[in-house]
Amino acid sequence: MALTSLAAEAHGQLGLLALAEPDGPNRRARLQDWAGHYQRAIALSQASPERARVFWANLAIVYNQLGDAAAAANARTQAQA
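When we follow numbering that gives the first Met the number 0, the leftmost residue of the sequence shown carries the number 0, and every step to the right adds one.
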């Protein structure tokens with residue numbers, strides 16, 4: 000279980016990089032990569048609902064930056080659950 004938690008945190012930290020991604024030609028692809036890291040962090044954090052909520056909230060921010068309003072709204076709903 001400790002290893003799974005560490006893996007979740009590692010993916011969550013990689014996802015944080017999305018919040019600092021500068022504008023540029025690769026921005027969208029990088030944001031999609033980081034959304035994937037948050038999704039993996041969420042999947043790995045099933046034993047820690049409070050951490051999963053943080054990852055969901057951050058994923059909502061990434062989806063907003065990607066312009067995917069529906070996915071962002073879903074992620075916000077999951078963060079509040």
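Glycine is no exception: its CB is placed at the ideal position from the N, C-alpha and C atoms.
Cβ neighbours of residue i in the same chain (closer than 7 Å, five flanking residues each side left out)
i: Leu95; result: The chain is shown only over 0 to 80; residue 95 falls outside these bounds and no answer can be derived.
i: Glu20; result: Arg26, Arg29, Leu30
i: Gln77; result: Trp55
Residue i classed as buried or exposed, judged by whether at least 16 other C-beta atoms fall within 10 angstroms
i: Gly14; result: buried
i: Leu30; result: buried
i: Ala74; result: buried
i: Ala69; result: exposed
i: Ala1; result: exposed
i: Ala40; result: buried
i: Gly11; result: buried
6 Å CB neighbourhood of residue i in its chain, flanking five on each side removed
i: Ser44; result: Ala7, Arg50, Ala51
i: Leu65; result: Leu30
Under 8 Å between C-beta atoms of residue i and residue j
i: Tyr37; j: Leu58; result: yes
i: Asn63; j: Ala71; result: yes
Is the number of C-beta pairs between the segment 44–52 and the segment 22–32 that are closer than 8 Å three or more?
-> no
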